[in-house]
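Protein sequence lines correspond, in order, to chains A and B. Going by my numbering, the first sequence opens with residue 1131, and the numbers climb by one from there. Going by my numbering, the second sequence opens with residue 414, and the numbers climb by one from there. Beta carbons: idealized from backbone N, C-alpha and C, even for Gly. Since the model is a prediction, treat every value here as computed from it, not as a measurement.
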Amino acid sequence: MTPPIVFPGYPRPDGTAGTRNILLVLPTVACSAHVATQIAQAVPGAIALPHQHGCAQIGDDADTTLRTLAGIASNPNIAAVLVVALGCEQVQATDLAHAVRQAGKPVETLGIQQAGGTSAAITRGAALLQQLAAQVADQRREPCPLDRLILATECGGSDAFSGLTANPLVGLIADRAVDAGATVIVSETTEFIGAEHLLPPRGATPEIGRQARQMVIDCENTCCRYGADLTGSNPSPGNIEGGLTTIEEKSLGCLCKAGSSPINQVLPYAQRPTTHGLVLMDTPGNDVESTAGMAAGGASLILFTTGRGTPLGCPIAPVLKIATNTPLATHMAENIDFNAGLIADGKLSMDKAADALWQLTLAVAAGRLTAAERLGHREFGIRRTAPTL
Amino acid sequence: MSKAPRSRRAIVLDPADHVATALVPLAAGQVVDGITLAADIPAGHKFARRAIPTGTPVLKYGQPIGRATTPITPGQHVHTHNLISARAGSGN
């Protein structure tokens, strides 16, 4: 029997392991974003997560924002969290702090109104952040089995090569990761439209297969309810220039990222999986909101394929960028970590490419910086399901 | 993919497919896998490998990717000018 594959990661009390060790300064609401950003400058490497949400939201939309922020704060890559509140907002600092404590990590909270204004809050916050940094200063990487790893997959700025090279390649990586005990999240419900009939046979149970198909039908119905179609949106003008004509064609290529493992769970946006293996998450095709949702679901490393050249990163997780074609890998070389275009060029077999990408994935999990990290990309956005009121 | 018939210039993903995908930019008049191209085909774009009547589901990956909006003859570029989605409010 082969020994389990391990990677040097940061083991967390909740059974996961981080690929990074981040001190997070998390605003509860848009109103505290500036103060949070200023506080983060007090400790080198600390990351603030400014966002536009946290107040005047209703129902499922409010729940989604709270779940996303709590999930981000509990992500395996987070060492400790300073929650920065305003004081009168809808998202409560105590709820976010509770989520962090449940994940077994140090957390402090701070309110701008309580502190007496912007400057006082920044001064007080900087001191709290220094204390948190000291508490986690001794954390080191340790060998962690891959069943502690939650891997995410994403395709953005797709072209017709996505479904030929990079997405099937990521599917092979997903299969290897699942075989090694990891959890792999596949998302982008919009980009299952036209391929949903392939999902039910993939379900680990008939009920999971039914849920997977229903998730896609609900997404399509949402589009139709607005009296609109996807023309001009998905496929996007860039997708079309890259040879993708319809959402069906794009979806069939997108689904290649899911490899061949059974689907073990179907998750709402930003929900942490409760199982290992392959899971689907209901996210928009929008890359920023989709990657944020998977990070909130605990993903600590994101495999991202692109045909047009999407530089996107994630504030709290490394994004490993895989080009679908060689002209892109050449033209935007600084944004690309791996060139799957060599497969279409006939210069690299799919299996050899999978070996190389698997090694690179493990290296990134162990700390190797990705192009998006080196370039400072930290795009972040939360899915909205209702208007601001 | 590994079992699909393949040349260096174009790929057919499933034997049932109506379309092939150019792997490199192809020029009108070139003969690719026995099909004479009726138009320039950019890399990644599709050309018909058989006749497709109006309204027919067009197959790629062995799956429907939309419907033909005009009769399409072998070698023609297959894209937004002659293929439309049948889903999410499109094509109705």
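Asked: How long is the line joining the alpha carbons of CYS1353/A and GLY1506/A, rounded to whole angstroms?; Found: 34 Å
Asked: Which runs of the beta strand (DSSP E) fall wholly inside the segment 1266 to 1343 of chain A and span at least 3 residues, in chain order?; Found: 1272 to 1275, 1280 to 1285, 1313 to 1316
Asked: Does chain B have any CB closer than 8 Å to the CB of GLU1321/A?; Found: no
Asked: Check each residue of the segment 1289 to 1301 of chain A: if its Cβ is closer than 8 Å to any Cβ of chain B, include it; give the result in chain order.; Found: ASP1289, ALA1290, PHE1291, GLY1293, LEU1294, PRO1298
Asked: In whole angstroms, what separates the C-alpha of GLY488/B from that of THR449/B?; Found: 5 Å
Asked: Using beta carbons (cut-off 8 Å, strictly below), is ILE497/B in contact with chain A?; Found: yes
Asked: Please report the residue range of the beta strand (DSSP E) in which ASN1369/A lies.; Found: It is not in any beta strand (DSSP E) - ASN1369/A instead sits in the alpha helix (DSSP H) that spans 1367 to 1371.
Asked: With 16 other CB atoms within 10 Å as the buried threshold, where does CYS1218/A fall?; Found: exposed
Asked: Determine which residues of the segment 1353 to 1369 of chain A have a Cβ less than 7 Å from any Cβ of chain B, and write them out in chain order.; Found: CYS1353, CYS1354, ALA1358, ASP1359, LEU1360, THR1361
Asked: Go ahead and label ASN1207/A buried or exposed: buried means 16 or more other beta carbons lie within 10 angstroms of its beta carbon, across all protein chains shown.; Found: buried
Asked: Run down chain B in chain order and give the residues with a C-beta less than 7 Å from the C-beta of GLU1419/A.; Found: Per Cβ cutoff of 7 Å: no residues; GLU1419/A is ~18 Å from chain B at best.
Asked: Against ILE1377/A, what residues of chain B qualify as contacts under a CB-to-CB distance less than 7 Å, listed in chain order?; Found: SER498, ARG500, ALA501
Asked: At what residue ranges does the segment 1150 to 1187 of chain A contain a whole run of the beta strand (DSSP E), taking only runs of 3 or more?; Found: 1152 to 1157
Asked: Whole-angstrom Cβ separation of SER1420/A and ALA1304/A, contact assumed at under 8 Å?; Found: That pair is no contact at about 16 Å.
Asked: For a minimum of 4 consecutive residues, which ranges assigned as the alpha helix (DSSP H) are wholly contained in the segment 1196 to 1244 of chain A?; Found: 1223 to 1232
Asked: Beta carbon of GLN1168/A, beta carbon of ILE1252/A: below 8 Å?; Found: yes
Asked: With 8 Å as the threshold, decide whether the Cβ of ARG421/B is near any Cβ in chain A.; Found: yes
Asked: What residue does the alpha helix (DSSP H) around ILE1473/A start on, and which one ends it?; Found: 1471 to 1474
Asked: Look at LEU1226/A and THR1158/A and say whether their C-beta atoms are less than 8 Å apart.; Found: yes
Asked: Are ARG1574/A and LEU1240/A closer than 8 Å when you measure CB to CB?; Found: Lying before the first or after the last residue shown, residue 1574/A is absent from chain A, which here runs from 1131 to 1519.
Asked: Would you list, in chain order, the members of the segment 449 to 477 of chain B that have their beta-carbon closer than 8 Å to a beta-carbon of chain A?; Found: PRO455, ALA456, GLY457, HIS458, LYS459, LYS473, TYR474, GLN476, PRO477
Asked: On the premise that ALA1484/A lies in contact with LEU1299/A, defined as a C-beta separation below 8 Å, what is that separation, rounded to the nearest angstrom?; Found: 6 Å
Asked: Determine the contact status of ILE1377/A and ALA501/B, defining contact as a CB-CB distance below 8 Å.; Found: yes
Asked: For THR1515/A, which of VAL1173/A, GLY1139/A, ILE1152/A, ASP1193/A has the nearest alpha-carbon?; Found: ASP1193/A
Asked: Let me make sure I understand the geometry here. Which of ALA1493/A, ASP1481/A, VAL1213/A, ALA1334/A has the alpha-carbon closest to that of ALA1296/A?; Found: ASP1481/A
Asked: Hey, out of VAL1266/A, MET1411/A, ALA1267/A, whose CA is closest to THR1320/A's CA?; Found: MET1411/A
Asked: With 8 Å set as the bound, which would you pick, yes or no: does the beta-carbon of THR483/B sit closer than that to a beta-carbon of chain E?; Found: The question asks about chain E, but that chain is absent: this structure's protein chains are A and B.
Asked: So with CB distances below 9 Å, who are the chain B contacts of ALA1459/A?; Found: Simply none; closest approach about 13 Å.
Asked: Please confirm whether ALA1474/A has its beta-carbon closer than 8 Å to some beta-carbon of chain B.; Found: yes
Asked: Verify the contact flag: GLY1373/A, CB atom, against every heavy atom of the ligand MG, threshold strictly below 7 Å.; Found: Looking for the ligand MG in the displayed structure turns up nothing, as the structure carries no ligands at all.
Asked: What number of angstroms, rounded off, separates the C-alpha of HIS1164/A from the C-alpha of PRO1180/A?; Found: 7 Å
Asked: Distance check for LEU1212/A and GLN1341/A, CA to CA, integer angstroms please.; Found: 37 Å
Asked: Taking only beta carbons into account, state which residues of the segment 1484 to 1497 of chain A come closer than 9 Å to chain B, listed in chain order.; Found: none
Asked: Express the C-alpha separation of LEU472/B and GLN1182/A in angstroms, rounding to a whole number.; Found: 43 Å
Asked: Is it right to say VAL444/B is buried, meaning 16 or more other beta carbons lie within 10 angstroms of its own, or is it exposed?; Found: exposed
Asked: Determine the contact status of GLY1201/A and ALA1400/A, defining contact as a CB-CB distance below 8 Å.; Found: yes
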